[in-house]
Amino acid sequence: MLAFTPYAAAAAPLPIVVALLLRRRRAAVAATAVAVALAAAVLPRAVGGAQPSARGPVVRVLTANLLFGRADPGRIVDLVRRNGTDVLSLQELTPGARDRLERAGLTRLLPYKVDEARVSARGAAIYSRHPLLALPPLEGMSTAMPEAEIALPGGRRIVVTAVHPVPPLSSDWYRRWRHDLAELPAARAPLPGGDPAPTSSFHGPAASHPVDETSEPIRILAGDFNATLDHAGLRRLLGRGYADAADRTGAGLVPTWGLGSRRPPLTIDHVLVDERCAVREVAVYDLPGSDHRAVHAEIRLP
Numbered sequence: 053m054l055a056f057t058p059y060a061a062a063a064a065p066l067p068i069v070v071a072l073l074l075r076r077r078r079a080a081v082a083a084t085a086v087a088v089a090l091a092a093a094v095l096p097r098a099v100g101g102a103q104p105s106a107r108g109p110v111v112r113v114l115t116a117n118l119l120f121g122r123a124d125p126g127r128i129v130d131l132v133r134r135n136g137t138d139v140l141s142l143q144e145l146t147p148g149a150r151d152r153l154e155r156a157g158l159t160r161l162l163p164y165k166v167d168e169a170r171v172s173a174r175g176a177a178i179y180s181r182h183p184l185l186a187l188p189p190l191e192g193m194s195t196a197m198p199e200a201e202i203a204l205p206g207g208r209r210i211v212v213t214a215v216h217p218v219p220p221l222s223s224d225w226y227r228r229w230r231h232d233l234a235e236l237p238a239a240r241a242p243l244p245g246g247d248p249a250p251t252s253s254f255h256g257p258a259a260s261h262p263v264d265e266t267s268e269p270i271r272i273l274a275g276d277f278n279a280t281l282d283h284a285g286l287r288r289l290l291g292r293g294y295a296d297a298a299d300r301t302g303a304g305l306v307p308t309w310g311l312g313s314r315r316p317p318l319t320i321d322h323v324l325v326d327e328r329c330a331v332r333e334v335a336v337y338d339l340p341g342s343d344h345r346a347v348h349a350e351i352r353l354p
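FYI, the numbering used here numbers position 25 of the sequence shown as 77, with every residue one higher than the one before it.
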């Protein structure tokens with residue numbers, strides 16, 4: 053029910069009006085207090101907030117849940133091309149969907165990848181414009197959540213995780229969902245092994261994109277979290293050094309899932325960035341064939 057907090061906030065003035073009409077002063081005061089608390093929690097997502105001073109390179113990240121691989125591959129490739137996307141995080145990627153995307157031209161735009169496609173909703177992948185190093189997969193997760201260290205031009209590095217915990221639809225899945233969110237790495241978590249990856253380890257012509265061994269990699273989590281900003285698990289993750297890109301830019305209430313259904317749409321797809329990053333822009337796009345919308349974030353590194 054926490055996922056529907058924005059709807060509760062929108063309806064909060066109604067009990068105040070009813071209490072005033074019935075001349076229930078104490079009830080009106082209590083309802084007003086609740087409305088103020090809900091507004092304080094929800095409204096900042098629609099207006100954005102202060103951004104840190106970041107002067108590093110710009111990275112453009114797109115995330116999309118393909119709904120068992122059914123999303124229109126041409127639409128994905130078009131979004132990558134139009135937005136100049138550097139990194140693409142895909143969830144519910146099947147082998148067939150991967151093949152359709154690559155036939156549609158995805159690897160001509162993003163030639164480097166970590167591929168964990170599966171014949172189920174548990175597949176995922178990361179595609180990159182720049183050379184990458186596949187990191188060891190996160191252990192004990194309910195779905196594939198690949199990680200990649202990406203070498204940007206100029207020597208900066210980012211670490212991207214494709215996120216997709218199971219939805220909390222049963223008591224067992226709820227426990228797994230909580231576990232998966234809790235096990236995601238903190239923004240400044242060390243890389244597996246603790247040492248920076250050598251330039252020669254990156255897939256692709258790393259010599260043309262030298263890696264600065266002394267620079268700290270910046271983490272980005274992108275995917276379908278099956279959680280809104282009202283869920284405690286996601287708030288705890290944000291408290292470990294992240295910021296929600298949409299929240300930073302005033303797009304935090306734009307729904308990403310459930311449009312066109314009888315359910316109230318929710319915002320469960322996110323791009324989380326190291327809180328030292330500045331978010332220049334976030335856009336949300338319809339995705340034919342999927343019940344999710346794609347989220348694109350333009351991020352400036354510190």
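For every residue, glycine included, the Cβ atom is placed at its ideal position computed from N, Cα and C.
Buried or exposed by the 16-neighbour rule on C-beta atoms within 10 Å, applied to residue i
| i | result |
| --- | --- |
| LEU221 | exposed |
| ASP338 | exposed |
| ALA106 | buried |
| PRO237 | buried |
| PRO183 | buried |
| GLY285 | buried |
| ALA102 | exposed |
| ARG174 | buried |
| ARG134 | exposed |
| GLY192 | exposed |
| GLY136 | exposed |
Sequence-distant residues of its chain with Cβ nearer than 7 Å to residue i (five each side left out)
| i | result |
| --- | --- |
| GLU333 | THR301, GLU350 |
| ASP167 | ARG150, ALA177 |
| LEU119 | GLU144, GLY341, SER342, ASP343, HIS344 |
| ASN117 | GLN143, GLU144, ASP276, ASP321, SER342, HIS344 |
| ALA239 | ARG271, ARG292, GLY293, TYR294, ASP326, GLU327 |
Through-space distance from residue j to residue i, alpha-carbon basis
| i | j | result |
| --- | --- | --- |
| VAL171 | ALA214 | 17 Å |
| VAL331 | ARG155 | 32 Å |
| ALA200 | ARG181 | 12 Å |
| VAL336 | SER141 | 14 Å |
| ALA241 | LEU185 | 17 Å |
| GLU327 | LEU273 | 12 Å |
| ASN278 | GLY108 | 31 Å |
| VAL129 | LEU153 | 7 Å |
| SER342 | GLU235 | 27 Å |
| PRO269 | TRP309 | 31 Å |
| HIS348 | VAL218 | 22 Å |
| ASP138 | ILE210 | 11 Å |
| ALA71 | PRO307 | Unreliable positioning characterises ALA71 in this predicted model, as indicated by a pLDDT of 47, which lies under 50. The coordinate reading is nonetheless provided below. Looking at the two C-alpha atoms, the distance is approximately 31 Å. |
| ALA258 | LEU158 | A caution first: ALA258 carries a pLDDT of 43, below 50, which makes its placement in the model unreliable, though a value can still be read off. Distance between the alpha carbons of ALA258 and LEU158 is about 20 Å. |
| PRO163 | ARG287 | 34 Å |
| VAL325 | SER194 | 23 Å |
| LEU290 | ARG160 | 34 Å |
| ARG352 | LEU131 | 20 Å |
| LEU305 | LYS165 | 31 Å |
| TYR179 | ARG112 | 12 Å |
| GLY100 | THR319 | 16 Å |
| THR280 | VAL110 | 26 Å |
| ALA346 | VAL212 | 17 Å |
Close-in-space but distant-in-sequence residues of the same chain around residue i (CB under 8 Å, 5 per side omitted)
| i | result |
| --- | --- |
| PRO189 | GLU168, ALA196, MET197, PRO198, GLU199 |
| ALA126 | It is worth fixing the name first, because residue 126 is Gly in this sequence and not Ala. ALA156, listed in sequence order. |
| ARG122 | ALA149, GLY341, SER342 |
| ARG230 | PRO220, GLY285 |
| PRO244 | LEU187, PRO188 |
| PRO104 | GLU327, ARG328, CYS329, ALA330, PRO354 |
Spatial neighbours of residue i in its chain, beta-carbon cut-off 6 Å, leaving aside the 5 residues before and after
| i | result |
| --- | --- |
| GLY275 | THR115, SER141, GLN143, ALA214, VAL215, HIS216 |
| LEU311 | PRO317 |
| ASP124 | PRO340, GLY341 |
| ALA297 | VAL323, VAL325, VAL331, VAL334, ALA349 |
| ASP232 | MET193, SER194, PRO217 |
| ALA303 | VAL334 |
Short CB-CB distance (under 7 Å) between residue i and chain C
| i | result |
| --- | --- |
| LEU187 | As a matter of chain content, chain C is missing from the structure shown, which is built from one protein chain. |
* Asked: Can we say the segment 219 to 227 touches the segment 307 to 317, given the rule of at least three CB pairs closer than 8 Å?
  -> Counting Cβ pairs under 8 Å, fewer than three are found: no touch.
* Counting Cβ pairs closer than 8 Å, one from the segment 145 to 157 and one from the segment 201 to 208, do we hit at least three? -> Of all C-beta pairs linking the segment 145 to 157 to the segment 201 to 208, fewer than three are shorter than 8 Å, placing the two stretches out of contact.
* **Any beta strand (DSSP E) of 3 or more consecutive residues that is wholly inside the segment 114 to 162** => Here the runs fully enclosed are 139 to 143.
* Go through the segment 182 to 257 residue by residue and report every complete run of the beta strand (DSSP E) that reaches 3 residues or more, in order. => Scanning the segment 182 to 257 from its first residue to its last, the whole beta strand (DSSP E) runs of 3-plus residues come out as 184 to 186, 199 to 203, 209 to 215.
* Ranges of the beta strand (DSSP E) found wholly within the segment 263 to 330, counting only runs of at least 3 -> For the segment 263 to 330, whole beta strand (DSSP E) runs of length 3 or above, ordered along the chain, are 270 to 276, 294 to 296, 321 to 326.
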